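Novice:
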Amino acid sequence: MASDTTVPSASEMKPAGAQALREARSDAGGPPVKRYTLRDTLIDAVGAALLTGVLGFFFLALRTEIAPGGLDITTRWVLWFTAVAIVFVGRLLLNLFVFRTERPITRRLRRSSGGKVAVRPGWVSRAIAIALFAIAAFLPFLIMAIFPGQQRQLIDLSILILTYVMLGWGLNIVVGLAGLLDLGYVAFYAVGAYSFALLSTHFEFIGFWTALPLAGMLAAFWGLALGFPVLRLRGDYLAIVTLAFGEIIRVVLLNWYEVTGGPNGISGVPKPTFFGYEFTRGEDGASALLGLEYSTIHRFIYLYYIIFLLALLTNFVTMRLRKLPVGRAWEALREDEIACRSLGINTTNTKLTAFSIGAMFGGFAGSFFATRQGFISPESFTFLESAIILAIVVLGGLGSQIGVVVASVVMIGGIELLRNVGFLGNLLPGFDPVQYRMLIFGLAMVAIMVWKPRGLVTTRTPSAVLKEQKKIGADMVSQGEGH
Amino acid sequence: MEYFLQQLINGLTLGSIYGLIAIGYTMVYGIIGMINFAHGDIFMIGAFIALATFLILTSVLGFAFLPLVLLIVLIVSMLFTAAWGWTVERIAYRPLRGSFRLAPLITAIGMSIVLQNFVQISQGARVKPLPPQIQGGITLMQGDTETGAILVQLSYMQIIIILTTLVLMAGFTLLISRTSLGRSQRACEQDRKMASLLGVNVDRTISLTFVMGAALASVAGLMFLLLYGVIDFYIGFLAGVKAFTAAVLGGIGSLPGAMLGGILIGLIEVFWSGYFSVEYKDVAAFSILAIVLIFLPSGLLGKPEVEKV
């Protein structure tokens, strides 16, 4: 009955097949692409330019200045006009070559963002991983060999990036594995930093290595204490309450002068020692102990290896935990909380372990931050810091360990590199790249998310496998929706 | 008692400002279920536009009649801020519609950073002071008549703020409940897919939601400017977080709830600084938020969410 009506003949299938082919060629799976004429493109560019003119009028064309006797207003028509012209030309070029054309020049980039399984053989990714690890392990010496002039800044930058990698990995446990959206992660970073700073300034005998586990424990305890009442809230409510807790801790640090020193912070936090020896000049310094001639760079290299080991520890613990029942429970919770509950998983305890283990690593990173800076104040623990850490986790690809590294290098490294591009200032008079760092950071966040909503790394490795370990597309992994 | 009354008036004024911002959060959350982190910065943009317009009108064009000036400032800043709201939605949120939940949250945080730094670079990081424009008020309770000490005063500024808020709220409620735009907004809020099947232009409705939220935030920005007389590029963050707190407290997605939550947050903050300590007023507001959410997860006027399997 059905055979003669439902099965189309080969000749009928052809146009449909060709149509599908054309669609697949123009854009992956979307609606049929509308053809745009040059006129449409021009009108669109003019519209964008007009909009820029409207938006920029009060900010680019006008500027309010504090003048004697009140505020004064100055005009900058050239700047305004330049911005409008740049947007017009930019939008026109984008329309002609990327957005409104059948063959966008970015097609290859777009294709790679689909949820397909990577077909790279296993040994290649393993070789890449080993190579990356080797580079990271010998980075200070590589830097010293290649850039002897800037070794201090570059090692310092590597330390900063590794701190964010560690924070990202810590937060990845909470957001990426357990699917709990935490906007106040910086609170635990602050707890770690302040516990080390306070312990070391009040007790002579406490150094970095004794304070490190204590700071981690205190942060984990705070994670438990804050997590216990709020973890039954759902997604966005949890996010806003964690944000509120982060702000509460910052405000308390700012105002509790007697203990935290208020906005002045705590200075004179001791440097880490090498088996009891400090990196100082002289006979009893660690450099002399190792038989090296004293140089200030030794301390930076030592700091690099401390944060490198701490970050590795975070990664190692996370990878092992994923194989334990509790790690499986985190990921199951992220995929479906109701199913978890019906299978007898204690969701509150599972969430609490994720929250407090994530907090513990935040605490470790915090005490490292305190010892690196030698000075801490509430200024370092604002919401922006939480946002940057969360951005690193999400931009890299939630739940992906290597993604955090990629995003940290791209975002933190890229932003810090702007300090070094002084030549741009010579090209464009009045353009100071350092001033534009955060603006560019924000724009990069938006652009990367719009381009790759699942993060820069688009594959995930499932923890539980049936036959063989293989990578799956990021779209197959839930993001903790609704929990 | 007198002190209490005065604090009550101050709290209502501050609460009106929070409430106006909170409406933008609650509407956006109701329709597309995301926290629009950039909304606080839209409020800040509105305050800057109002300041510039005010300066042009008074010092460049030489208008002297204050009510007319304020009316023009109100309209101009609503229009221009609405354009900002539309653009932010177009650039950062619309491409991610239907994407996973965290993506628009990250772009919203990114947009917030962009707006703050854009204003900081283009207008300078220093605070912009504006001398008080509306002075005087109605004395409700006179203290000692010989020394002329005023115990309770309702300043004209506060009257203007509360009245404007009331008028806007009334107009807004009418817009939501009577017009076809309001109907399509409510339809999108209930079921976006079904609404689009029935011929509602969902993208347009969402854009208009952002436009209306931004316009209301700009009114709040103007009021903030007139009330405190000082603005800088950073005012958006704290006001935004508190307004979001207000929206959650009132029950997110509910418009009267946003207003109620705003007023409650304003009152809590003012009473806390009046009776306990100014430093910890933010702690008080945030603690109330945590407590309410733990015991009353859907807010004061919100509908409890039904978990579907």
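Chains as they are written, first to last, in the numbering used here: chain C, 1 to 483; chain V, 484 to 792. Where a beta carbon is used, it is the ideal one built from N, C-alpha and C, also for glycine. Computed from a prediction, not measured in an experiment: that's the story for all the values here.
I need the boundaries of the alpha helix (DSSP H) containing Gly785 (chain V), first residue and last residue.
Specialist: Looking at the DSSP string, Gly785 (chain V) is not in any alpha helix (DSSP H), and its letter there is neither H nor E.
Novice: Between the alpha carbons of Phe531 (chain V) and Val559 (chain V), how many angstroms are there, rounded?
Specialist: Within the model, the alpha-carbon separation for Phe531 (chain V) versus Val559 (chain V) is close to 12 Å.
Novice: Quick one: what's got a C-beta closer than 8 Å to Ile431 (chain V)'s C-beta in the same chain, skipping five residues either side?
Specialist: Nothing about residue 431 (chain V) can be read from this structure; chain V reaches only from 484 to 792.
Novice: Quick one: which residues of the stretch 508-524 of chain V get their C-beta closer than 7 Å to a C-beta of chain C? List them in chain order.
Specialist: Ile518
Novice: Write down every uninterrupted run of the alpha helix (DSSP H) in the stretch 548-609 of chain V whose length is 4 residues or greater and which is fully enclosed by it, in chain order.
Specialist: Within the stretch 548-609 of chain V, the complete alpha helix (DSSP H) segments of 4 residues or longer fall at 549-571, 585-606, listed in chain order.
Novice: For the stretch 605-625 of chain V, enumerate the residues whose C-beta is nearer than 8 Å to any C-beta of chain C, in chain order.
Specialist: Ser605, Gln606, Gly607, Arg609, Lys611, Pro612, Leu613, Pro614
Novice: What residues in the stretch 380-400 of chain C have a beta carbon less than 8 Å from any beta carbon of chain V?
Specialist: Phe383, Leu384, Ala387, Leu390, Ala391, Val394, Leu395, Leu398
Novice: DSSP three-state call for Glu337 (chain C): helix, strand or coil?
Specialist: helix
Novice: Would you call the stretch 182-202 of chain C and the stretch 226-242 of chain C in contact, with 3 or more CB pairs under 8 Å?
Specialist: yes
Novice: Is it the case that the Cβ atoms of Ala215 (chain C) and Phe361 (chain C) are separated by a distance below 8 Å?
Specialist: no
Novice: Under 9 Å between beta-carbons, which chain V residues line up against Thr353 (chain C)? List them in chain order, please.
Specialist: Chain order gives no chain V residues near Thr353 (chain C), where near means a beta carbon separation below 9 Å; the closest approach is about 20 Å.
Novice: Could you tell me if Leu466 (chain C) is buried or exposed, where buried requires 16 or more neighbouring beta carbons within 10 angstroms of its beta carbon?
Specialist: exposed
Novice: Please state if the CB of Thr728 (chain V) and the CB of Phe769 (chain V) are separated by a distance shorter than 8 Å.
Specialist: yes
Novice: For the beta strand (DSSP E) holding Ala67 (chain C), just list the boundary residues, first then last.
Specialist: 62-67
Novice: When we look at the beta-carbon of Thr82 (chain C) and count the other beta-carbons within 10 Å, is it buried (16 or more) or exposed?
Specialist: exposed
Novice: What is the residue span of the alpha helix (DSSP H) that Ile504 (chain V) lies within?
Specialist: Start and end: 485-515.
Novice: Anything in chain C within Cβ reach of Glu762 (chain V), meaning under 7 Å, just list it in chain order.
Specialist: Here the neighbours are Asn255.
Novice: In chain order, what residues of the same chain lie with their CB nearer than 6 Å to the CB of Thr242 (chain C), ignoring the 5 residues before and after it?
Specialist: Cβ within range, chain order: Asp182, Leu183, Gly184.
Novice: According to DSSP, which residues form a beta bridge with Val277 (chain C)?
Specialist: Note that residue 277 (chain C) corresponds to Tyr in the displayed sequence, not to Val. Paired residue(s): C:Phe274.
Novice: Using a 10 Å radius around the Cβ and a threshold of 16 neighbouring Cβ atoms, would you call Ile774 (chain V) buried or exposed?
Specialist: exposed
Novice: With Thr74 (chain C) as the anchor, note down where its beta strand (DSSP E) starts and where it stops.
Specialist: Segment 70-75, the beta strand (DSSP E) holding Thr74 (chain C).
Novice: Starting from the beta carbon of Pro229 (chain C), find every residue of chain V whose beta carbon is closer than 8 Å, and list them in chain order.
Specialist: Ala773, Ile777
Novice: Quick check on Gln153 (chain C) - is its C-beta less than 8 Å from some C-beta in chain V?
Specialist: no
Novice: Got a sec: is the Cβ-Cβ distance from Gly593 (chain V) to anything in chain C below 8 Å?
Specialist: Under the 8 Å criterion on CB atoms, Gly593 (chain V) is classed as interfacial with respect to chain C.
Novice: Could you give the residue range of the alpha helix (DSSP H) that holds Ala653 (chain V)?
Specialist: 639-661
Novice: Any Cβ of chain V within less than 8 Å of the Cβ of Ala178 (chain C)?
Specialist: no
Novice: Identify whether Ser267 (chain C) lies in helix, strand or coil by the three-state DSSP scheme.
Specialist: strand
Novice: Given a cut-off of 8 Å on the beta-carbon distance, is the pair Thr353 (chain C) and Val326 (chain C) in contact?
Specialist: yes
Novice: Expressed to the nearest angstrom, what Euclidean distance is found between the alpha-carbon atoms of Ile800 (chain V) and Leu721 (chain V)?
Specialist: Only positions 484 to 792 of chain V appear in the structure, and residue 800 (chain V) is not among them; the question remains open.
Novice: Tell me the residue span of the alpha helix (DSSP H) that contains Ile55 (chain C).
Specialist: The sequence shown places Leu at residue 55 (chain C), rather than the Ile named in the question. Taken as a continuous stretch (DSSP letters only), the alpha helix (DSSP H) holding Leu55 (chain C) covers 38-56.
Novice: Tell me whether Val465 (chain C) sits in a helix, a strand or coil according to DSSP, three-state version.
Specialist: coil
Novice: Of all Cβ atoms in chain V, is any one closer than 8 Å to the Cβ of Gln435 (chain C)?
Specialist: Yes, its Cβ sits closer than 8 Å to a Cβ of chain V.
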